[in-house]
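Undergrad:
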Amino acid sequence: MNDEELMRLALAAAATAPEHDDVPIGAVLARDGTPLATAANERELRRDPTAHAEILALREGSELLGGWRLPETTLYVTLEPCAMCAGAIVLARVPRVVYAAPDPKAGAAGSVLDVLGAPRLNHRPAVTAGVLGDEAGEMLRAFFRERR
1278 MNDEELMRLA LAAAATAPEH DDVPIGAVLA RDGTPLATAA NERELRRDPT AHAEILALRE
1338 GSELLGGWRL PETTLYVTLE PCAMCAGAIV LARVPRVVYA APDPKAGAAG SVLDVLGAPR
1398 LNHRPAVTAG VLGDEAGEML RAFFRERR
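What the sequence shown shows, in this note's numbering, is residues 1278 to 1425, in sequence order.
Structure, rendered in structure tokens:
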């Protein structure tokens, strides 16, 4: 599968999050174009501030691959990772991150902070931004419109 196809899987996961009042953000961890783990935000569902889609996908991928390092993987996420998720991505040694929409309020891949590109850290993944960004952005805007 290519970047767009894998991001569509992340968008499909994101679309399930509002079923339990979570913000529609989805993530897919893939290796060689094959999805390994898929997750949506579950902060409300789990009552857990760390239950972001990225964290859940990284945890599932680590279990599947049998270790905390996730070499040769790519993480696809519908919204630019926050500082917590970016830190986890760096610690897991994920070599590549692809995100859809930027997050001008909390993004840590260049919008507010650049944790993923920080030269003092021991790992800096390649970052591709904007894959299906309009679709992801509209999903988020629609979610918040309905709640206001």
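Note that beta-carbon positions come from the ideal geometry of N, C-alpha and C, so glycine has one too. Here the structure is a predicted model, which is why all the values come from computation and not from measurement.
Please list, in chain order, all residues of the same chain as leucine 1288 whose beta carbon is under 8 Å from its beta carbon, the five residues on each side excluded.
TA: Gly1303, Thr1355, Ala1377, Leu1409, Glu1412, Ala1413, Met1416
Undergrad: Between glutamate 1319 and proline 1358, how many whole angstroms is the CB-CB distance? I'm expecting something under 8 Å.
TA: Between proline 1358 and glutamate 1319 the Cβ distance is about 16 Å, and since that is not below 8 Å, they are no contact.
Undergrad: Would you identify the three-state DSSP class for alanine 1307, choosing helix, strand or coil?
TA: In the structure shown, the three-state DSSP call for alanine 1307 is strand.
Undergrad: Return the CA-CA distance between glycine 1343 and glutamate 1337, expressed in angstroms with no decimal places.
TA: 10 Å
Undergrad: Count the CB pairs spanning the segment 1293-1300 and the segment 1379-1397 that are closer than 8 Å, and state whether there are at least three.
TA: no
Undergrad: Am I right that leucine 1333 and proline 1312 are in contact with their C-beta atoms under 8 Å? What's the rounded C-beta distance?
TA: Wrong, their Cβ atoms sit about 14 Å apart, outside the cutoff.
Undergrad: Are leucine 1335 and alanine 1369 touching if we call contact CB-CB under 7 Å?
TA: Yes, Cβ-Cβ distance for leucine 1335 and alanine 1369 is below 7 Å.
Undergrad: Is the Cβ-Cβ distance between proline 1295 and phenylalanine 1421 less than 7 Å?
TA: Contact flag unset, no.
Undergrad: By a C-beta neighbour count over all protein chains shown, 10 Å radius and 16 as the cutoff for buried, is leucine 1347 buried or exposed?
TA: buried
Undergrad: Can you tell which of Met1278, Val1305, Asp1391, Val1367 has the C-alpha that lies nearest to the C-alpha of aspartate 1380?
TA: Asp1391
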